[in-house]
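This report concerns only the one structure given below.
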Amino acid sequence: MTNSIKLFLISILFLGSTHLTAIPRFGIKEGSCNTCHVNPTGGGLRNDYASLIISTDELPLRKTSSLIELDDPGQLTDHIRIGADLRAQLLSDDEETIMFPMQADLYANIDMNGLLDIYVEQEALLGIMEYWSNVFIPFINAFVKVGKMRPNYGLGIDDHTSFIRGGNITRTHGLLKEGLPFSPIRPTVNSAELGFFGANYLLTGSISNAFLSGESSELAFLGLPDNRTIVLRGEYSIKSGHINGLIGGSYLAEEETFIRGIFGGLSKDSFTYTGEVDLVTGWSGDFTGLASFSEIAWVPRQGIHLLLKYDFFDENIELINNSLSRLSLGLEVFPFNFMEFKVQVRKTELAGKGMFPTELLFQTHFWF
Amino acid sequence: MKQMLFALVLVFIGEPLFSQDVKNLKVLSFKTKKETMAYMKKIIAPSVGEKCSFCHNTRDFASDDNEKKKITREMIVMTQNMNKNTMKKLDYKPVTCWTCHRGSTNPPRGEDEKKKNTN
Chain H
1 MTNSIKLFLI
11 SILFLGSTHL
21 TAIPRFGIKE
31 GSCNTCHVNP
41 TGGGLRNDYA
51 SLIISTDELP
61 LRKTSSLIEL
71 DDPGQLTDHI
81 RIGADLRAQL
91 LSDDEETIMF
101 PMQADLYANI
111 DMNGLLDIYV
121 EQEALLGIME
131 YWSNVFIPFI
141 NAFVKVGKMR
151 PNYGLGIDDH
161 TSFIRGGNIT
171 RTHGLLKEGL
181 PFSPIRPTVN
191 SAELGFFGAN
201 YLLTGSISNA
211 FLSGESSELA
221 FLGLPDNRTI
231 VLRGEYSIKS
241 GHINGLIGGS
251 YLAEEETFIR
261 GIFGGLSKDS
271 FTYTGEVDLV
281 TGWSGDFTGL
291 ASFSEIAWVP
301 RQGIHLLLKY
311 DFFDENIELI
321 NNSLSRLSLG
331 LEVFPFNFME
341 FKVQVRKTEL
351 AGKGMFPTEL
361 LFQTHFWF
Chain U
1001 MKQMLFALVL
1011 VFIGEPLFSQ
1021 DVKNLKVLSF
1031 KTKKETMAYM
1041 KKIIAPSVGE
1051 KCSFCHNTRD
1061 FASDDNEKKK
1071 ITREMIVMTQ
1081 NMNKNTMKKL
1091 DYKPVTCWTC
1101 HRGSTNPPRG
1111 EDEKKKNTN
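Protein sequences, first through last, are from chains H and U.
Start counting the first sequence at 1; every next residue gets the next number (my numbering).
Start counting the second sequence at 1001; every next residue gets the next number (my numbering).
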């Protein structure tokens, strides 16, 4: 095995990342996640509105975006849409500097006049595939999604190292668990999801085949009854003038593991706050842990986003000296409607042990 | 990957069986979603100085849940009637949303303008 292949494989495992989901602060500003994504619960392939309106007009720097403007290259025909997300990241701290591919996702969606969607997503770096069919029931504003996917829990933010997702995968800090189980390396599982939506709300409920413990039986669609994962989620959006808000709650149960939490956000003009708090029982031993995420984003001018984030994870809320906290300061620049550069400085502290070296991240992101 | 290619091939074959009609379009004559979006983006949104979410339910763009969408539709009818019944007969250039709105949801009224000018 050549050194470059070794480096590639180690890199994937190191911060390990393929599937990154949505950017909820955009969802708060726009009213919902499926404003921009073909998936009714958000994430993955972007829709025509995202390509023709948001990516083109509202996201990139005005002065550069007109130099190269792609007119929705993903819409192959009236019914077929493809897309991709490619990210690479450089990470540097006192000890090392590494660069690695972070995400290489390919998407395809077939839309039959808004009544039926067939969606396929190939997360190429780890070879994980997501696929589902989604039937809309227009008279009652409902949808039924069946396939292989991850359950829809919480905000599903793009940074998988946040403790409300999965935390760092191998670059850990000494705790038994350093985040919730929504890591991108956790495989998709057979699932069925039912959703109801209105102008201001989205309610979803799903049943999956052992999302946490690993799919128990491929032969039976939803596996053994004991291992089934139940997830319920609701969100409500509020709009008043130029203020947009979102509030919601989620619940997950599988065997002895229970996760419940609230999430939300508020956006006014160029500022957006996004937050989530979750309590988890039976994930790291028999304890109850807590994970939280808070982010303030400021857009001083179109195409430039400044972010301040605080992540917190307490493995056992009854003990001290077993909590992780991380403060991140970031800059995101969108020069074109298909390109993003991201710089982030972050500092992590383990209670009772002190601070870890400052990390510097530089990420490139291309999409269509 | 094989499944993805298989699905794509299936749909390319089935493509002609379905037509992508625009939904709930009552006063505009566009045939495709793309044409409609281009009109909204280039004409409506800049004229009133607002984003799409001002008038649309962003979970379902075709729905009439938002009252402002109904008002906009009435305004479009008003403009169409004005052009058909008055401007065309006078051989004047057609009026558009921008003629009055000038990038604002509340276009300046005569009395307001008069007050501004006298202050």
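From the three backbone atoms N, C-alpha and C, an ideal C-beta is built for every residue, glycine too.
Three-state secondary structure (DSSP) of residue i
{"i": "U:Ala-1045", "result": "helix"}
{"i": "U:Ser-1029", "result": "coil"}
{"i": "H:Tyr-153", "result": "coil"}
{"i": "H:Pro-24", "result": "helix"}
{"i": "H:Asp-48", "result": "helix"}
{"i": "H:Tyr-107", "result": "strand"}
{"i": "H:Pro-225", "result": "helix"}
{"i": "H:Trp-283", "result": "coil"}
{"i": "H:Thr-454", "result": "Since the first residue shown for chain H is 1 and the last is 368, residue 454 of chain H is missing from the structure and cannot be characterised."}
{"i": "H:Leu-361", "result": "strand"}
{"i": "U:Tyr-1092", "result": "coil"}
{"i": "U:Asn-1085", "result": "helix"}
{"i": "U:Ala-1038", "result": "helix"}
{"i": "H:Ile-169", "result": "coil"}
{"i": "U:Phe-1054", "result": "helix"}
{"i": "H:Arg-87", "result": "strand"}
{"i": "H:Arg-81", "result": "strand"}
{"i": "H:Thr-188", "result": "coil"}
{"i": "H:Lys-268", "result": "strand"}
{"i": "H:His-37", "result": "strand"}
{"i": "H:Met-1", "result": "The predicted position of H:Met-1 is uncertain, since its pLDDT is 42 and thus under 50; a value taken from the coordinates is nonetheless stated next. Three-state DSSP puts H:Met-1 in coil, outside helix and strand."}
{"i": "H:Gly-42", "result": "coil"}
{"i": "H:Ile-262", "result": "strand"}
{"i": "U:Gly-1110", "result": "helix"}
{"i": "H:Asn-55", "result": "Note that residue 55 of chain H is Ser in the sequence shown, not Asn. H:Ser-55: helix per DSSP, three-state reduction."}
{"i": "H:Ile-320", "result": "coil"}
{"i": "H:Ile-98", "result": "strand"}
CB contact below 8 angstroms: residue i versus chain U
{"i": "H:Asn-152", "result": "no"}
{"i": "H:Glu-415", "result": "Residue 415 of chain H lies beyond the range of chain H shown here (1 to 368); nothing can be said about it."}
{"i": "H:Phe-100", "result": "no"}
{"i": "H:Leu-290", "result": "no"}
{"i": "H:Asn-34", "result": "yes"}
{"i": "H:Ala-199", "result": "yes"}
{"i": "H:Glu-30", "result": "yes"}
{"i": "H:Leu-279", "result": "no"}
{"i": "H:Ile-12", "result": "Note that H:Ile-12 scores a pLDDT of 39, beneath 50, so its modelled location is shaky; the value from the coordinates is reported in the next line. For H:Ile-12, the answer is no, since every Cβ of chain U falls outside 8 angstroms of its Cβ."}
{"i": "H:Ser-245", "result": "Before going further, note that residue 245 of chain H is Gly rather than Ser in the sequence given. So no, H:Gly-245 is outside the interface."}
{"i": "H:Gly-114", "result": "yes"}
{"i": "H:Leu-202", "result": "yes"}
{"i": "H:Ile-5", "result": "At H:Ile-5, the pLDDT of 43 sits below 50, so the modelled position is not reliable and the matter cannot be decided from this model."}
Residue i: CB within 7 angstroms of a non-hydrogen atom of the ligand FMN
{"i": "H:Val-144", "result": "The ligand content of the structure shown is nil, which means the ligand FMN is not present either."}
Opposing strand residues paired with residue i [DSSP bridges]
{"i": "H:Val-370", "result": "Since the first residue of chain H shown is 1 and the last is 368, residue 370 of chain H is not available in this structure."}
{"i": "H:Lys-239", "result": "H:Asn-244"}
{"i": "H:Gln-302", "result": "H:Gln-302 pairs with nothing; no bridge assigned."}
{"i": "H:Phe-383", "result": "Because chain H here runs from 1 to 368, residue 383 of chain H falls outside it and cannot be looked at."}
{"i": "H:Ser-206", "result": "H:Glu-193 and H:Val-231"}
{"i": "H:Met-129", "result": "H:Gln-122"}
{"i": "H:Ala-291", "result": "H:Asp-278 and H:Phe-313"}
{"i": "H:Arg-326", "result": "H:Asp-311 and H:Thr-348"}
{"i": "H:Thr-257", "result": "H:Glu-254"}
{"i": "H:Leu-116", "result": "H:Met-112 and H:Val-135"}
{"i": "H:Ala-297", "result": "H:Thr-272 and H:Leu-307"}
{"i": "H:Leu-180", "result": "None; H:Leu-180 has no bridge partner."}
{"i": "H:Phe-366", "result": "H:Leu-86 and H:Met-339"}
{"i": "H:Asn-331", "result": "This sequence places Leu at residue 331 of chain H; Asn is not what is there. Note: H:Leu-331 sits in a beta bridge opposite H:Leu-306 and H:Val-343."}
Candidates the options: closest to residue i by CA position
{"i": "U:Lys-1068", "options": "U:Glu-1050, U:Thr-1099, U:Lys-1088 and U:Ser-1029", "result": "U:Glu-1050"}
{"i": "H:Asp-94", "options": "H:Asp-117, H:Thr-364, H:Phe-366 and H:Phe-356", "result": "H:Phe-356"}
{"i": "H:Gly-154", "options": "H:Pro-335, H:Phe-362, H:Arg-87 and H:Pro-181", "result": "H:Pro-181"}
{"i": "H:Asn-141", "options": "H:Phe-196, H:Lys-177 and H:Ser-267", "result": "H:Phe-196"}
{"i": "H:Leu-361", "options": "H:Ala-351, H:Thr-348, H:Leu-350 and H:Gln-344", "result": "H:Gln-344"}
{"i": "H:Leu-203", "options": "H:Arg-46, H:Gly-44 and H:Ser-237", "result": "H:Ser-237"}
{"i": "H:Ser-162", "options": "H:Ala-220, H:Thr-35, H:Asp-311 and H:Leu-306", "result": "H:Asp-311"}
{"i": "H:Lys-342", "options": "H:Ser-328, H:Gly-352 and H:Glu-349", "result": "H:Ser-328"}
{"i": "H:His-305", "options": "H:Arg-25, H:Pro-60 and H:Leu-331", "result": "H:Leu-331"}
{"i": "H:Ile-128", "options": "H:Arg-165, H:Phe-334, H:Ile-185 and H:Glu-254", "result": "H:Ile-185"}
{"i": "U:Pro-1094", "options": "U:Thr-1105, U:Ser-1104, U:Gly-1103 and U:Met-1082", "result": "U:Met-1082"}
{"i": "U:Ile-1076", "options": "U:Phe-1061, U:Ser-1053, U:Val-1048 and U:Lys-1033", "result": "U:Val-1048"}
Under 8 angstroms (Cβ pairs) to chain U, residues found in the stretch 38 to 60 of chain H: Residues passing the 8 angstroms Cβ filter: Asp-48, Tyr-49, Leu-52, Ile-53, Asp-57 and Glu-58.
Positions along the stretch 1019 to 1053 of chain U whose CB lies within less than 9 angstroms of some CB in chain H: Residues passing the 9 angstroms Cβ filter: Ser-1019, Gln-1020, Asp-1021, Lys-1023, Thr-1032, Lys-1033, Lys-1034, Met-1037, Ala-1038, Met-1040, Lys-1041, Ala-1045, Lys-1051, Cys-1052 and Ser-1053.
Interfacial residues, the stretch 1055 to 1078 of chain U to chain H, with Cβ spacing under 9 angstroms: Taking 9 angstroms as the Cβ-Cβ cut-off against chain H, the residues of the stretch 1055 to 1078 of chain U that qualify are His-1056, Asn-1057, Thr-1058, Arg-1059, Asp-1060, Phe-1061, Ala-1062, Ser-1063, Asp-1065 and Asn-1066.
Chain U contacts from the stretch 127 to 156 of chain H (Cβ-Cβ distance under 8 angstroms): Taking 8 angstroms as the Cβ-Cβ cut-off against chain U, the residues of the stretch 127 to 156 of chain H that qualify are Met-129, Tyr-131 and Asn-141.
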